[in-house]
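Undergrad:
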Amino acid sequence: MVYHYTTVETLYNMLSTYKDSKDKDHLVFWASSALHQNDEEEISLRFNDILSIICDIENNEEKGRLNGFKKLSTAQQQNWIPTLTGQGIDLSFDEFLCSTEYAPFTISFSRQRDKLLMWSLYAKNGNGICMAFDENQLVCEQESLCPLADIVVYGKENTESYKNVVQMFYEKYKDDVKNDSIINIIYQKKKQYIMSTLWAISPFIKNVAFKDEDEFRIAFFKEENDKPKVYTRMTSKLNEIEYVKVKVPISALNHIIIGPCANYEATKQLLEKNMQSCNLDHDYKVLFQKSRVPFRIL
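So the sequence shown is numbered by numbering that gives the first Met the number 0: it starts at 0 and just counts up by one.
Structure, rendered in C-alpha cells:
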C-alpha cells in the first residue's frame with residue numbers, strides 16, 4: 000500500500016468532480032509542477048551525481064560489446080570529451096529542466112501508514128485524511144504526458160531503484176549509437192542520453208532531510224510535441240503553482256484513514272453521504288478507519 004495524505008476538502012472536491020464526470024472509473028488528481036515542491040533542491044540532480052552509476056553499469060557490460068570511444072565512462076576518464084562533464088552540460092540541463100515548458104509534474108504518496116509527521120505536514124495538522132492505494136493497481140493516466148512511477152531515493156544513494164532507471168536509458172543510448180561511426184555524432188547522442196537520463200531521474204532524488212516521508216512518486220513528463228492543458232492555483236502565500244489533471248483508478252483506493260484530530264463520525268458521514276450521491280457505495284466499497292495516532296491540538 001501507498002498513502003496519500005490530504006485534506007477532507009480535497010477529497011470532497013474530487014468526489015464532486017467525479018459526480019459530474021462521464022468517467023466513472025477514475026478520480027481526478029492534481030499533479031503539481033516539480034518546480035513548486037517543498038524541497039527547494041527538487042530536480043537539482045547534476046551529471047556528476049550520476050556518473051558513478053553510469054561507470055558501474057558500463058563496467059558490468061560484456062567486454063567488446065561497445066567500442067571504447069562510445070562508452071561514456073571511458074570518454075570521461077580519458078578526457079576525450081572534456082566538455083561532457085564541464086559547466087556547459089550542467090547549465091544547459093538546468094535551463095532545460097527548470098523551464099516551465101519542460102518541468103515534470105508529480106503526485107506524491109508515502110509508504111508510511113498513519114504517521115504523525117505526515118498528518119502534520121500534509122493533512123491539515125491531523126484534521127485531514129489519508130487515502131490508501133494498492134500500489135500494483137495505481138496506474139495513473141494523462142493523455143498528453145508520459146508517466147514514470149518509482150520510490151524516491153534520498154541523499155543520491157546508489158540504490159537498485161536508481162540504477163534501474165539509469166539502466167533503462169542506457170539501453171536506449173546503446174541502440175542509438177550502435178550504427179554510428181562519427182565521433183561528433185556519438186558525442187551529441189551521449190549528451191542527449193545524459194540529458195534524458197537526468198530528466199527522468201531528477202524527480203526521484205530528494206535531500207536526505209526528507210527521508211522520513213518515505214515517498215513513492217509518479218512523475219509525468221512532457222514529450223516534445225505534446226501540449227497538455229496546464230492549470231494554475233494560488234497558495235496561501237500567494238504563489239502560483241502549475242498543475243495538470245491526472246486520472247487515478249478508483250479501484251486502486253483500498254481504504255481511507257481519518258486523521259487523529261478530525262471528528263471521526265462527522266467526517267465519515269460527510270464522505271459516505273457524498274460517495275452515495277455518486278453511487279460509489281455500490282460500485283466501489285471504500286472502508287473508513289480511524290487514525291491510531293494519539294495526537295491532539297492543545
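Backbone N, C-alpha and C fix where the C-beta goes; we use that ideal spot for every residue, glycine too.
Model, not experiment: these values are computed from the prediction.
Does the beta-carbon of residue 75 have 16 or more other beta-carbons within 10 angstroms, so that it is buried, or is it exposed?
TA: Note that residue 75 scores a pLDDT of 49, beneath 50, so its modelled location is shaky; the value from the coordinates is reported in the next line. By the neighbour-count rule (16 or more Cβ atoms within 10 Å), residue 75 is buried.
Undergrad: Are the Cβ atoms of residue 220 and residue 144 separated by less than 8 Å?
TA: Yes, the pair counts as a contact, with Cβ atoms nearer than the cut-off.
Undergrad: Would the stretch 30-37 count as touching the stretch 246-258 if we require 3 or more Cβ pairs under 8 Å?
TA: Result no; under three Cβ-Cβ pairs closer than 8 Å.
Undergrad: Sorted by chain position, which residues of the same chain lie with C-beta nearer than 7 Å to residue 291's C-beta, five sequence neighbours on each side aside?
TA: Cβ neighbours of residue 291 beyond the five flanking positions: 113.
Undergrad: Counting C-beta neighbours from all protein chains within 10 Å, is the total for residue 116 16 or more, i.e. buried, or is it exposed?
TA: Classification of residue 116: exposed, given that the 10 Å Cβ count is below 16.
Undergrad: Going by DSSP in three states, residue 256 sits in which element: helix, strand or coil?
TA: Here residue 256 sits in strand by DSSP.
Undergrad: Can you grab the Cα-Cα spacing for the pair residue 295 / residue 268, in whole Å?
TA: Going from the Cα of residue 295 to the Cα of residue 268 covers about 21 Å.
Undergrad: Kindly indicate the opening and closing residues of the alpha helix (DSSP H) around residue 276.
TA: That run of the alpha helix (DSSP H) goes 263-276.
Undergrad: Go through its chain and collect everything with a Cβ distance to residue 138's Cβ below 7 Å, but skip five positions before and after it.
TA: Counting only Cβ-Cβ distances below 7 Å, and skipping sequence neighbours, we find 248.
Undergrad: Which term fits residue 2, buried or exposed, when burial requires 16 or more other beta carbons within 10 angstroms of its beta carbon?
TA: Label assigned to residue 2: buried.
Undergrad: Could you give the distance in angstroms between the alpha-carbon of residue 134 and the alpha-carbon of residue 128?
TA: Near 18 Å, if we compare the C-alpha coordinates of residue 128 and residue 134.
Undergrad: In this structure, does DSSP put residue 83 in helix, strand or coil?
TA: Residue confidence is low: residue 83 scores 40 on pLDDT, short of 50, so the model does not pin down where it sits. No coordinate-derived value is stated.
Undergrad: With H, G and I counted as helix, E and B as strand and the rest as coil, what does DSSP make of residue 7?
TA: Helix, per DSSP.
Undergrad: Considering only C-alpha positions, which residue in the set 241, 106, 251, 230 is nearest to residue 4?
TA: Considering only alpha carbons, the answer is 106.
Undergrad: Less than 8 Å between the beta carbons of residue 108 and residue 30, yes or no?
TA: Taking 8 Å as the Cβ cut-off, residue 108 and residue 30 do not qualify as a contacting pair.
Undergrad: From the DSSP output, in three-state form, read off residue 207 for me.
TA: It is helical.
Undergrad: By DSSP, does residue 230 sit in helix, in strand, or in coil?
TA: DSSP places residue 230 in strand when its eight states are reduced to three.
Undergrad: Return the CA-CA distance between residue 284 and residue 27, expressed in angstroms with no decimal places.
TA: Approximately 18 Å, taken between the alpha carbons.
Undergrad: Quick check: what's the CA-CA separation for residue 208 versus residue 232?
TA: Their backbone Cα atoms lie some 27 Å apart in a straight line.
Undergrad: Just mark residue 234 as buried or exposed, buried being the case when its beta carbon has 16 or more other beta carbons within 10 Å.
TA: With fewer than 16 other Cβ atoms within 10 Å, it is exposed.
Undergrad: Residue 19 by DSSP, collapsed to three states: which one?
TA: Helix at residue 19.
Undergrad: Expressed to the nearest angstrom, what Euclidean distance is found between the alpha-carbon atoms of residue 18 and residue 277?
TA: In a straight line, the C-alpha of residue 18 is about 5 Å away from that of residue 277.
Undergrad: Just confirm the distance between the C-beta atoms of residue 0 and residue 132, as a whole number of angstroms; I'd bet it's less than 8 Å.
TA: Yes, residue 0 and residue 132 are in contact; Cβ-Cβ is about 7 Å, under 8 Å.
Undergrad: Tell me, to the nearest whole angstrom, how far the beta carbon of residue 218 is from that of residue 147; I am working on the premise that it is less than 8 Å.
TA: That belief holds up - the Cβ atoms of residue 218 and residue 147 are roughly 5 Å apart, short of 8 Å.
Undergrad: DSSP three-state call for residue 153: helix, strand or coil?
TA: Of the three classes helix, strand and coil, the one that applies to residue 153 here is strand, per DSSP.
Undergrad: Is the Cβ-Cβ distance between residue 154 and residue 260 less than 8 Å?
TA: Against a cut-off of 8 Å, the Cβ pair of residue 260 and residue 154 comes out as no contact.
Undergrad: Please report the Cβ distance between residue 228 and residue 243, rounded to the nearest whole angstrom; I am assuming they are in contact, meaning their Cβ atoms lie under 8 Å.
TA: 7 Å between Cβ atoms; contact.
Undergrad: According to DSSP, simplified to helix, strand and coil, what is residue 290?
TA: Coil, per DSSP.
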